[in-house]
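Asker: The opening position of the sequence shown corresponds to residue 11 in this note's numbering, with each subsequent residue numbered one higher.
Glycine included, C-beta positions come from ideal geometry on N, C-alpha and C.
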Amino acid sequence: MLDHQPVWVNIDLPTKRYTVHRECIYTNKMCETPYKGVGKLKRDGGWIRFRNAEAAKKRLQEEYGQFELIIHCE
Numbered sequence: 011m012l013d014h015q016p017v018w019v020n021i022d023l024p025t026k027r028y029t030v031h032r033e034c035i036y037t038n039k040m041c042e043t044p045y046k047g048v049g050k051l052k053r054d055g056g057w058i059r060f061r062n063a064e065a066a067k068k069r070l071q072e073e074y075g076q077f078e079l080i081i082h083c084e
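This is the structure:
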């Protein structure tokens, strides 16, 4: 995974999944819902943008260490 490209992370709180995406079909279709935010977390999680994969992985280690890491787009 190249670390200089921006990534989106889908943080899913109920399933404890932390899914890293580059621009793909999922990021193109992401939208705010009552329980998941875009750019912010809500009750069930949300989509958060990071400057690169390294920053996303650092956040995972700091705050979501018990979550499953899924690299969707490489």
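Enumerate in chain order the residues of its own chain whose CB-to-CB distance from residue 14 is below 8 Å, with the five nearest sequence positions on each side excluded.
Answerer: Closer than 8 Å at the Cβ level, and outside the excluded window around residue 14, lie 62.
Asker: Closer than 7 Å to a non-hydrogen atom of the ligand COA - does that hold for the CB of residue 73?
Answerer: The model on display carries no ligand, and the ligand COA is accordingly not part of it.
Asker: Inspect the beta-carbon positions of residue 28 and residue 70 and report whether they are closer than 8 Å.
Answerer: Contact: yes.
Asker: For residue 45, name the three-state secondary structure that DSSP assigns.
Answerer: Residue state, collapsed to three classes: coil.
Asker: Quick check on this structure: which residue in 33, 40 and 68 has the alpha carbon closest to the alpha carbon of residue 55?
Answerer: It is 40 whose Cα lies nearest to the Cα of residue 55.
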